[in-house]
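What follows is a short report on a single structure.
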């Protein structure tokens, strides 16, 4: 089976990027990670990607007058690598309709809640404050509605007595590392 060319966009540690790239390198995920792009030159995930011999690029937001001009530059940058799928892995920018249209139906995101609950930021805090018994993670297609695209896969995690944002986040991240590669695999296999 041919390997699906993908681009991974990150802003931070890149833990999901690492899991995806490791599985691709091991042959258990039929994708070719063509490039890892970050909007922050300080993103730890860039060093991890470089250590794995993956091409890295940085496109910082402050270099651009506004979101549309940033997204035009990002579209141009990604076009050089011809990805068939854009994987958002902790990419903390809201994408413009122009970007979403350029890659329509080919952008996946992982979000740390059981969508449609808790779109946006601070999902763990909000789940704890609401007294949820169950929290989790969703992989979804990206549309113009923030965290509102069709959900591909979810994983639930229990909210335990005494949980903090940090302990809950760690369990949710384990779920992310399970289901994000699975959703990408399904996409790659059609």
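Residue numbers (the numbering used here): 19 to 208. Backbone N, C-alpha and C define an ideal beta-carbon position, used for all residues, glycine too. None of the values given here were measured: they were computed from a predicted structure.
- Comparing C-alpha distances from residue 199 to each of 29, 26, 31 and 47 shows the shortest one belongs to 47.
- Annotation: the continuous alpha helix (DSSP H) that includes residue 205 extends over 183-206.
- A Cβ-Cβ distance of about 4 Å is found for the pair residue 174 and residue 154, placing them in contact under the 8 Å criterion.
- For residue 27, the enclosing beta strand (DSSP E) covers residues 22-28.
- With 16 or more other Cβ atoms from the protein chains shown falling within 10 Å of its own Cβ, residue 89 counts as buried.
- In the structure shown, the three-state DSSP call for residue 37 is helix.
- Within the region 105-133, complete alpha helix (DSSP H) segments of at least 4 residues are found at 115-120, given in chain order.
- Excluding residues up to 5 positions away in sequence, 112, 137 and 138 lie with their Cβ nearer than 7 Å to the Cβ of residue 164 in the same chain.
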